[in-house]
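J.: In our numbering, the protein residues as written are 40 to 396. Glycine included, each C-beta is placed from N, C-alpha and C at the ideal position.
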Ligand SMILES: *Cc1c(COP(=O)(O)O)cnc(C)c1O
């Protein structure tokens, strides 16, 4: 008997998200913070977890953490929603504010999750390609379709290209459309305060900003993120969310991270300086290697024969980076996370052997 298929017909070609994770000595593929937590902070987190009542359901809205995030960013509690990672919030945003054939505008090459969630939420995706030489947003292109959009997503710093968007342009764009503009700032903690669009979040406005504890705060394994948004959008997302998706441990741990946020600065400074060192050293390995400036904890490198280089880095040098060579606009490109000095040195040494000329 043929195997029965229970999947809905329009989802038959969907496949699970595959981070292409393979255990290697040097794991610089997923934009994690490979430096880990500042001295003493993990102990505080463990102590905070020990105080939790595991037999009780968590606070559904995570109000303690919500208040800490609200105070940090100078918004009200009503303008904050906490999620099981930023990914869950992206889905809830497209599901609750999009759907029903509404148009999602976004700017590839970018985080591939947007297109996937748009489809799952029943939105129509209108991609406006970035300039493929600089990866800058095509501002005129976005403005031209903004009027018909339900949601516009701009990623800053962009994943995988590392560049920022100008908050002054986002402010102008917000005046040209009734769409909700989500600025995905998963990596903004690596950039300067003035690069963030969070000051544009107002109850009577249409700008929202996504943040996460997975990247700068070295908590990718804990699953916690947030969106700052007008109250009406927070209410819409609250209505569709799984009530207890943020468990007591994640709430307690992320709250300790917010309280100790200043103690992460030395690590963030070191990551930025290692990033600049790599952006200088890689082109010196071979004139065939091209890199782009980045405001995040990763950078994109165009390397001749990138797919083959990616395979050999993993299999012969136990260095895992992310292969983007089959992504339109990123031919021969790898995305590389900034690691510790030792990890970065391992990568440079391997590339020196693999890439000639
Ligand atoms: C990592 C990332 C997120 C969120 O990640 P979570 O671990 O789910 O919080 C969101 N957007 C972009 C662009 C990212 O790279």
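For residue 234, which residues from the same chain have a beta carbon less than 6 Å from its beta carbon, with the 5 sequence-adjacent residues on both sides left out?
T.: What you label residue 234 is simply residue 195 of the chain shown in a count that begins at 1. So the qualifying residues of the chain are 203.
J.: Give every residue of the same chain whose Cβ lies closer than 8 Å to the Cβ of residue 357, excluding the five residues on either side of it in the sequence, and list them in chain order.
T.: Taking the chain shown and counting its residues from 1, one reaches residue 357 at position 318. The residues are 63, 64, 65.
J.: With which residues is residue 362 paired in a DSSP beta bridge?
T.: Start at 1 with the first residue of the chain shown, and residue 362 comes out as number 323. BP columns for residue 362 point to 373.
J.: Is the beta carbon of residue 340 closer than 8 Å to that of residue 328?
T.: For the purposes of this step, residue 328 is taken as the residue at position 289 of the chain shown. For the purposes of this step, residue 340 is taken as the residue at position 301 of the chain shown. Yes, these two residues count as a Cβ contact at 8 Å.
J.: State the Cα-Cα distance for the pair residue 265 and residue 131, rounded to the nearest angstrom.
T.: Locating residue 265 in the chain shown gives position 226, counting from the first residue. Locating residue 131 in the chain shown gives position 92, counting from the first residue. So the two alpha carbons sit approximately 12 Å from each other.
J.: For residue 221, which of helix, strand or coil comes out of DSSP?
T.: Walking along the chain shown from the start, residue 221 turns up at place 182. Strand at residue 221.
J.: Hey, would you say the C-beta of residue 284 is under 7 Å away from at least one heavy atom of ligand 1?
T.: Taking the first residue of the chain shown as 1, we reach residue 284 at position 245. No.
J.: Taking contact to mean 3 or more Cβ pairs, one atom from each stretch, closer than 8 Å, check whether the stretch 88-98 and the stretch 69-79 are in contact.
T.: Flag = no, the stretch 88-98 and the stretch 69-79 do not touch.
J.: Which of the three DSSP states is assigned to residue 143 in this structure?
T.: The count along the chain shown starts at 1 and reaches residue 143 at position 104. Residue state, collapsed to three classes: strand.
J.: For the structure I just gave you, are there three or more beta carbon pairs, one from the stretch 218-229 and one from the stretch 123-137, closer than 8 Å?
T.: These segments touch.
J.: So what's residue 247 in DSSP terms, helix, strand or just coil?
T.: Residue 247 sits at position 208 when you count from the first residue of the chain shown. In this structure, residue 247 counts as strand in the three-state DSSP scheme.
J.: Using 8 Å for Cβ pairs, my map puts residue 250 next to residue 269. What's the rounded Cβ distance?
T.: Position 211 of the chain shown holds residue 250. Position 230 of the chain shown holds residue 269. That belief does not hold up - the Cβ atoms of residue 250 and residue 269 are roughly 16 Å apart, past 8 Å.
J.: Report yes or no: do the stretch 346-353 and the stretch 380-395 share at least 3 C-beta pairs separated by less than 8 Å?
T.: Yes: at least three Cβ pairs fall under 8 Å.
J.: Which residues share a DSSP beta bridge with residue 265?
T.: Taking the first residue of the chain shown as position 1, residue 265 is located at position 226. In the DSSP output, where bridge partners are listed per residue, residue 265 has 121, 250.
J.: Going by beta-carbon coordinates alone, are residue 196 and residue 334 separated by less than 8 Å?
T.: If you number the chain shown from 1, residue 196 lands on position 157. If you number the chain shown from 1, residue 334 lands on position 295. Against a cut-off of 8 Å, the Cβ pair of residue 334 and residue 196 comes out as a contact.
J.: Suppose the cutoff is 7 Å on Cβ atoms and the five residues either side in sequence are ignored; what does the same chain contact list for residue 382 look like?
T.: Counting from 1 along the chain shown, the entry for residue 382 is found at position 343. Same-chain partners within the cutoff: 65, 67, 73.
J.: Looking only at its own chain, which residues have a Cβ that is under 7 Å from the Cβ of residue 230, when we skip the five neighbours before and after it?
T.: Your numbering for residue 230 matches position 191 in the chain shown. Same-chain partners within the cutoff: 196, 203, 334.
J.: Ligand 1 and residue 336: does the residue's C-beta get closer than 7 Å to at least one heavy atom of that ligand?
T.: On the chain shown, position 297 is the one that residue 336 refers to. Every heavy atom of ligand 1 is 7 Å or more from the Cβ of residue 336, so no.
J.: Does ligand 2 have even one heavy atom less than 7 Å from the beta-carbon of residue 296?
T.: What this structure holds is ligand 1, not ligand 2.
J.: Suppose only complete runs of 4+ residues qualify. What are the alpha helix (DSSP H) ranges in the stretch 336-361, listed by chain order?
T.: 345-356, all fully within the stretch 336-361.
J.: Determine the direct distance from the alpha carbon of residue 236 to that of residue 118, and round the result to whole angstroms.
T.: In the chain shown, residue 118 corresponds to position 79, counting from 1. In the chain shown, residue 236 corresponds to position 197, counting from 1. Distance between the alpha carbons of residue 118 and residue 236: 14 Å.
J.: Residues in the same chain with beta-carbon distance under 8 Å from residue 182, minus the five sequence neighbours each way, listed in chain order, please.
T.: Mapped onto the chain shown, residue 182 falls at position 143. Answer for residue 182: 212, 215, listed in chain order.
J.: What does the alpha-carbon distance come out to for the pair residue 157 and residue 140?
T.: By one-based count along the chain shown, residue 157 stands at place 118. By one-based count along the chain shown, residue 140 stands at place 101. The alpha-carbon atoms of residue 157 and residue 140 are separated by roughly 9 Å.
J.: Could you tell me whether any non-hydrogen atom of ligand 1 is closer than 7 Å to the CB of residue 150?
T.: For this step, residue 150 is matched to residue 111 along the chain shown. Yes, Cβ of residue 150 sits closer than 7 Å to a heavy atom of ligand 1.
J.: Using a threshold of 8 Å, state whether the C-beta atoms of residue 107 and residue 298 are closer than that.
T.: Locating residue 107 in the chain shown gives position 68, where the first residue counts as 1. Locating residue 298 in the chain shown gives position 259, where the first residue counts as 1. In this structure, residue 298 lies closer than 8 Å to residue 107 by Cβ.
J.: Give the secondary structure of residue 65 by DSSP, where H, G and I count as helix, E and B as strand, and everything else as coil.
T.: The residue labelled residue 65 in the question sits at position 26 within the chain shown. The answer is strand: DSSP assigns residue 65 an E or B state.
J.: Can you find at least 3 beta carbon pairs, one from the stretch 295-313 and one from the stretch 77-86, that sit closer than 8 Å?
T.: Counting Cβ pairs under 8 Å, three or more are found: they touch.
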